[in-house]
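As you go down the protein sequences, you meet chains V and S in turn.
For the first sequence, this note's numbering begins at 1 and goes up steadily by one.
For the second sequence, this note's numbering begins at 1001 and goes up steadily by one.
All C-beta atoms in this analysis are idealised placements derived from N, C-alpha and C, irrespective of residue type, glycine included.
Here's the structure we're looking at; comments come further down.
There are 2 protein chains.
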Amino acid sequence: MTRLWNDPADFADEMIEGFVAANERYVRRVPGGVVRSTVSPDGQVAVVVGGGSGHYPAFGGLVGQGLAHGAAMGNLFASPSAQQILSVAKAADNGGGVFFTYGSYAGDVLNFDAAQDRLRDEGIACETVTVTDDISSASLDEKHKRRGIAGDLTVFRVAGAAAEAGYDLDAVTRVAALANERTRSFGVAFTGCTLPGAPEPLFTVPEGRIAIGLGIHGEPGIDETDIPTADGLAELLVSRLLDEVPDGVSVAGARVVPILNGLGSLKYEEMFVVYRRIARLLADAGIVPVDPHVGEYCTSFDMAGTSLTLFWLDEELERLWDAPVDTPAYRRGSVVAAARSTAVAVEALTAEIPASDEASRTVAAAVRDALQTVVDTIDAHVDELGRMDSIAGDGDHGIGMQRGSHAALAAGVAAQEAGAGAATVLARAGDAWADKAGGTSGALWGVILNGVAGALGDTGTPSAAEVAAGIETGVSGVTSYGKAEVGDKTMVDALVPFTTVLTEAVESGASLPHAWGKAADAATAAAADTAALLPKMGRARAHGQHSVGTADPGAHSFALIVSALAVVLERN
Amino acid sequence: MTRLWNDPADFADEMIEGFVAANERYVRRVPGGVVRSTVSPDGQVAVVVGGGSGHYPAFGGLVGQGLAHGAAMGNLFASPSAQQILSVAKAADNGGGVFFTYGSYAGDVLNFDAAQDRLRDEGIACETVTVTDDISSASLDEKHKRRGIAGDLTVFRVAGAAAEAGYDLDAVTRVAALANERTRSFGVAFTGCTLPGAPEPLFTVPEGRIAIGLGIHGEPGIDETDIPTADGLAELLVSRLLDEVPDGVSVAGARVVPILNGLGSLKYEEMFVVYRRIARLLADAGIVPVDPHVGEYCTSFDMAGTSLTLFWLDEELERLWDAPVDTPAYRRGSVVAAARSTAVAVEALTAEIPASDEASRTVAAAVRDALQTVVDTIDAHVDELGRMDSIAGDGDHGIGMQRGSHAALAAGVAAQEAGAGAATVLARAGDAWADKAGGTSGALWGVILNGVAGALGDTGTPSAAEVAAGIETGVSGVTSYGKAEVGDKTMVDALVPFTTVLTEAVESGASLPHAWGKAADAATAAAADTAALLPKMGRARAHGQHSVGTADPGAHSFALIVSALAVVLERN
């Protein structure tokens, strides 16, 4: 379990501060994460990695010469927001374009893609290769749907070395994609980690058993078995990976980097005992191990688990892998030290408050009250949301929503007190939510609030139809952004009925409070359908079955919020 | 807990094999541990480190250019034997003398000192600096009695860099002693590790509490308190260390390397949160942090604990600390890669069997039976001995005695079947015991058996007086070697009454079986006195009191063995 913190809500931020204090030779802090504290050559492609925090040395520990130029560091197990990623990317940019690479998770894809769009809009070239090395997380036919785990390291390293060697953005993209195609991982676990302040681990496996193919945040595994011997585990890992050799590779004589990664509390000595057998099995298969890695490269706090990665080299990949690198947590070979950067921290800009009229400022006060209602609702249900999410996901939905709603309220209040109209108050709230909550739901709430904000305007009082249209804009933003449809068991399952019922009711002449109440009921009913899946998923997982679909507690939290707002609208 | 192994008895050996397989660029295996696989310049001082296994990256992970030339790797938490250390030292020697440095523990001191004597006897210069950084383990007045914990790294690094820079043996010794004087550590823990195959952790601390000043093998702490916040822990660690600034150092303006070391399952993110506050406290005191280290440098399997080390630099120490280094687990700066060594593994020599006569071969058969009795006795009491040791020490006495006695029997049988006389059979058994058991008790049993062997000879039948004289020789070897006296609550408490009563009885004309029986009774009574202390120590420890003295289950196991032999002697 995690044992040391001050306030769990401050953990990620204080962790980054301590990390930077200990590693000023390598990194400096910028809004959203860290970039190198050394100077990079003009025109060098900037490799930007990132993801949720809690996986050290991923991701900040991998910033330095020969590896990443910057890391967007999200909250614990939550994607950094698009704004954070954008901030890191702009600070890292050397004029040669930005290359994004990160483990493939829905929230990260959503936020990195949004940041990529923004960079391109600003005329900065940007390309992406997501890491999809975990062979247990989807079939080979759907390789693009796989998660990124410890194989992050090979893709990051190859991209970083290529940038350092002067490859242009297209060439970095090409070789990183090849590295991802040549990287396959498979993992097992005994227990999940316990997040700071959480009462229990994200998951447990029955005594004497081991989960197979588990994700690094406690995502469901594909099987469960009795705890094997060290040799037995080596045989399991190697046989699974040799069942899926990359296309065009001949096993006999292949040169392969084996990476035996510890997730946190499975320790070095045990891994060396396992590696002893792995080395023999690789030799038996005619494989030549190159530069074996046994250690902690991508952790999950104190999770007791390990994964084996095989990185199938070709001549170019091996040359890039062998290049010198010097970062806080990963060093190798002789790096010619670069000069220290004299850049000062890039501060987030505070935009001016647009003009507003009295009518809109009255609406803005109501928006402020609504934001307070959202905060109160989430605070009252935070534990319940966390529990729901620990069945389907990584258990952070409650604290993520709490972080986002509190940030939204604070930003909304600040704007309202500065005289902003309704649109500005709500847009600021939405941006703050996305920025502070991170993850998928943070980004989506940012989209929803910004959609509604556009309909409210900073002058006049919006009609019920305008509000309904704003909600529709937000919802269509969510579906196009998140690429989920009704029936996928996500937040969208509640959003779509809500907006459909709301629009119909308003069109048939209902008042906003009345229409909102009907729409909230529809959202609640839809969320209940989704939530009803959760106990079933929990059981399936306990029995070691593969995922039966992903039910997102986001539908439930959306229904809670719109229902609470219905009560407030009714009352006023 | 440790979760992966094949046979726990093979764990350390298989761990070393896996470690070497993963790190052939750095190390090659020799009997007793590892040495660099790269060539060192002729005449360079060879820095040899070592200790029990279970502390990775200490000690094998620290062998490579700029750091150690070799590491003697003992069994889990057990000192390597003198023979293992000697083997590593001779393989590491470059003709410039050998420098030993290791954390100060009784077993390690005993075995490294014996190896040092042997090296000097063979004309190889050898000097030693033991690391004594743990300020909680003895008062400043008795600094030489302190344990070595994570501060090992600073002393090893300075010695390794000095050797690499061409310092001669005296100069390496001087600067390493200075580094040790300038290195102070203080640690805390939440739980101890669980050794491979062990049913429970070495220690636990009550829910919500933290042990202060605990050793890395679970040695008793000096206090216990409620779990502090991360900031509170930082304040505790820094304040204790600033209470004991090395002589001649002015705090304001001092340049200090802070090392925040994780013991295994307290993870990086938590340590960064703690380090954030440490950095501020050091700055408040006017201290300039140089090259902060936050990570795992000396672990104890999955122990949940952390320690802070402050290394107070002077100009020479800082220059040596900054020197390039390249090892499996510790790398920094640009090392000019040395050529790979073409040396082949140094094999242990098998000596010829000396001539014997029929009478001595008859005694040798009785010695073989006696060794079998020892094995049977230890096997029957292995759990009991482990439990006793887990109160006073690190819980490995049972398995250590088992490993040693089995190795002694195997070596004795091999010699006896090859026609050896009594002295050779017993001496081979003693050497095997010391070599395979490691630790303090292994070394001492080697001394006892070799002492008796000298009295038996390989010809004729020894008299009772000769046997008694042999026992006396062995016992005086133990007391001079181990530096313990009667009353120190060690094995010596049983040894001395045993030999005194035996000699007196034989001198007054008793038969060997009769005299042995009386002596065994005296040893049993004395061991019972020592053992009676154990429950008291357990209670004291649970209440967080400082050590009330060290009761060694070695007295108990000695009494068990001589009592079992008394029965056999009586019967024949």
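Inset, instruction - Provide the residue span of the beta strand (DSSP E) that contains H293/V, from first to last. - result: H293 to G295
Inset, instruction - Give me the Cα-Cα distance between S463/V and T479/V, rounded to the nearest whole angstrom. - result: 25 Å
Inset, instruction - Measure the CB-CB distance between Y26/V and P328/V and report whether it falls below 8 Å. - result: At the C-beta level, Y26/V and P328/V come within 8 Å of one another.
Inset, instruction - Evaluate contact between the region 176-187 of chain V and the region 122-139 of chain V, counting only Cβ atoms and requiring at least three cross-stretch pairs below 8 Å. - result: Here the region 176-187 of chain V lies against the region 122-139 of chain V, with 3 or more beta-carbon pairs under 8 Å apart.
Inset, instruction - With a threshold of 16 other CB atoms inside 10 Å of the CB of A339/V, please say whether the residue is buried or exposed. - result: Exposed, by the Cβ-count rule.
Inset, instruction - Determine the direct distance from the alpha carbon of G192/V to that of V548/V, and round the result to whole angstroms. - result: Per-residue confidence for V548/V stands at a pLDDT of 35, beneath the threshold of 50, marking its modelled position as unreliable; no derived number is given.
Inset, instruction - Below 8 Å between beta carbons is the criterion; list the residues of the region 1033-1057 of chain S that meet it against any residue of chain V, in chain order. - result: Sequence-ordered contacts of the region 1033-1057 of chain S with chain V read S1053, G1054, Y1056 and P1057 [C-beta pairs closer than 8 Å].
Legend entry - Own chain residues within Cβ distance below 6 Å of A505/V, not counting five before or after: Exclusion of the five residues before and after A505/V leaves A515 and K518 as the residues of its chain whose Cβ lies within less than 6 Å of its Cβ.
Legend entry - Min CB distance G1187/S to chain V below 8 Å: no
Legend entry - Uninterrupted beta strand (DSSP E) stretches inside the region 1271-1356 of chain S (no shorter than 3 residues): 1293-1295 and 1304-1312
Legend entry - CB contact flag (R368/V, V336/V, <8 Å): Between R368/V and V336/V, the gap from beta carbon to beta carbon reaches 8 Å or more.
Inset, instruction - Taking A528/V as the reference, give the member of K489/V, V48/V, L512/V and P513/V with the closest Cα. - result: Ranking the options by Cα distance to A528/V, first place goes to K489/V.
Inset, instruction - Measure from the alpha carbon of D42/V to the alpha carbon of each residue in F112/V, D168/V and F19/V, then state which is nearest. - result: D168/V
Inset, instruction - Go through its chain and collect everything with a Cβ distance to L1349/S's Cβ below 6 Å, but skip five positions before and after it. - result: Caution applies to L1349/S, whose pLDDT of 47 falls short of 50 and renders its modelled position unreliable; the value that the coordinates give is listed next. Only residues of its own chain outside the window of five on either side were considered, and among them none has a CB closer than 6 Å to the CB of L1349/S.
Legend entry - Through-space distance from N1261/S to P553/V, alpha-carbon basis: 39 Å
Inset, instruction - Would you mind telling me which residues of chain S sit closer than 9 Å to G64/V, beta carbon to beta carbon, in chain order? - result: Under the 9 Å cutoff, chain S gives no residues; its nearest Cβ is about 12 Å from G64/V.
Legend entry - First through last residue of the alpha helix (DSSP H) which encompasses L169/V: L169 to E181
Inset, instruction - Please check if any C-beta of chain S sits within less than 8 Å of the C-beta of F11/V. - result: yes
Inset, instruction - Verify the contact flag: V325/V, CB atom, against every heavy atom of the ligand ADP, threshold strictly below 7 Å. - result: Of ligands this structure carries none, so the ligand ADP is not represented either.
Legend entry - Coil, strand or helix - P1223/S by DSSP: Reading off the sequence shown, one finds Asp at residue 1223/S, where the question assumed Pro. If DSSP states are grouped into helix, strand and coil, D1223/S belongs with the strands.
Inset, instruction - Within 10 angstroms of the Cβ of T2/V, are there 16 or more other Cβ atoms? Answer buried if so, exposed if not. - result: buried
Legend entry - Spatial neighbours of G166/V in its chain, beta-carbon cut-off 8 Å, leaving aside the 5 residues before and after: Q44
Inset, instruction - Compare the C-beta of E270/V against all C-beta atoms of chain S and say whether one is closer than 8 Å. - result: yes
Legend entry - C-beta atoms of A432/V and A410/V nearer than 8 Å: yes
Inset, instruction - Assess, as a yes-or-no matter, whether the region 1227-1236 of chain S is touched by the region 1147-1163 of chain S under the definition of 3 or more beta carbon pairs within less than 8 Å. - result: no
Inset, instruction - Use the C-beta contact count for N1075/S: other C-beta atoms within 10 angstroms, 16 or more gives buried, fewer gives exposed. - result: buried
Inset, instruction - Kindly identify the DSSP beta-bridge partner or partners of F186/V. - result: Assignment of beta-bridge partners to F186/V by DSSP yields L308/V.
Inset, instruction - Can you tell me which of the three DSSP states Y102/V falls into? - result: strand
Inset, instruction - Just confirm the distance between the C-beta atoms of M1303/S and L1263/S, as a whole number of angstroms; I'd bet it's less than 8 Å. - result: Yes, M1303/S and L1263/S are in contact; Cβ-Cβ is about 4 Å, under 8 Å.
Legend entry - Pick from Q84/V, R277/V, G151/V and G248/V that is closest to D1013/S, judged by C-alpha positions: R277/V
Legend entry - Beta-carbon proximity check, I212/V vs V188/V, cutoff 8 Å: Their beta carbons are under 8 Å apart, which means I212/V touches V188/V by this criterion.
Inset, instruction - Indicate whether at least one CB of chain S lies closer than 8 Å to the CB of G264/V. - result: Answer yes: the Cβ-Cβ gap between G264/V and chain S drops below 8 Å somewhere.
Inset, instruction - Determine, using beta carbons only, whether M1388/S comes closer than 8 Å to chain V. - result: no
Inset, instruction - Answer with yes or no whether the minimum CB distance from T1002/S to chain V is below 8 Å. - result: With its beta carbon less than 8 Å from one in chain V, T1002/S belongs to the interface.
Legend entry - Collapsed DSSP secondary structure at M73/V in the structure displayed: strand
Inset, instruction - For the beta strand (DSSP E) containing P258/V, list its first residue and its last residue. - result: Counting along the chain, the beta strand (DSSP E) containing P258/V begins and ends at R255 to G262.
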